[in-house]
């Protein structure tokens with residue numbers, strides 16, 4: 581029986597964002613921020 585090789589494991593990367601970076605990445609509709617204030 582032929583042995584199957586598993587792919588090399590890559591651990592997940594943890595990324596942290598500031599409020600400004602998160603707003604830039606996701607946009608105001610997804611973050612709940614409107615003009616710097618919380619919409620909720």
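Numbering (my numbering), first residue to last: 581 to 620. Glycine included, every Cβ here is placed at the ideal spot set by N, Cα and C.
Proximity test, residue i beta-carbon vs the ligand ZN heavy atom, cut-off 7 Å
| i | result |
| --- | --- |
| residue 607 | In the structure on display, the ligand ZN does not appear, and there are no ligands present to speak of. |
Span separating the alpha-carbon of residue i from that of residue j
| i | j | result |
| --- | --- | --- |
| residue 605 | residue 589 | 27 Å |
| residue 595 | residue 585 | 30 Å |
| residue 599 | residue 582 | 51 Å |
| residue 591 | residue 607 | 28 Å |
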